Structures are given as C-alpha cells and as structure tokens.
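The numbers in full-length UniProt numbering rise by one with no breaks, and the one at position 94 of the sequence shown is 94.
Every residue gets a Cβ at the ideal spot worked out from N, C-alpha and C, and that includes glycine.
On a predicted model such as this, the values are computed, not experimentally measured, just so you know.
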Amino acid sequence: MKFRPLHDRVLVRRIEADEKTAGGIIIPDTAKEKPQEGEVIAVGPGARDESGKLTPLDVKVDDRILFGKWSGTEIKLDGEDLLIMKESDILGVIEVSASARQAA
C-alpha cells in the first residue's frame, strides 16, 4: 500500500536499538525503551505560510532522524509499526559519513 502524508507530516520507521550494551549485557524486552531514532519513509508536500505559499520540508525520504520520546502517532501499515509526526517533532537529521556507509 502506498501512503502519502499530508502537509508537514512525515512517515517514520523506528530503527531498533542494539539488544546488548557496550559491556555485553543483554537487555530484556521489558527493560528496553522505544528507540528515538528512525528512517523517513515518506514526506508530505510541506506547510503553508500565512500568505498561502508552500514551504517544502527540510527532511527527505531515507534521512535518518532523531525525534522526541513521545513524538508522533503510532500506526500499523501493511503489518509494520510506523510513526506519523509533524516535521517540528523532529529534533535533527543524522548525517552518515561516507566511510561509515562503506563499512555497513
């Protein structure tokens, strides 16, 4: 199913955190917090200002983002848990360096 967010909304897939700490301790599901990092799946056309002019969004599809712990609305689309949030709920975009992309 194809989904297109309206206005300044963004569709995000959470990126799951590691199940182990740096010291090798395995974190049980009950103690895990929801990840605050995600990948942008779809973006709306943008918001309109007072004069009616369309202002495009700063994020784009495939951007890796950080968002607030309680940001967005959880939905299930094609059996996948996703979030819809306004662009203003996004704290920042994570820039991945070229060397990190090659290692992945």
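- Per the coordinates, the alpha-carbon of L11 lies some 14 Å from the alpha-carbon of D58.
- Distances from the alpha-carbon of G79 to those of R13, D8, R9 put R13 closest.
- Straight across, the Cα-Cα distance linking L54 with D63 is about 21 Å.
- Counting of Cβ neighbours within 10 angstroms places P5 among the buried residues, the total reaching 16 or more.
- Judged by beta-carbon spacing, D8 lies within the 7 Å limit of G44, meaning their Cβ atoms are closer than that value.
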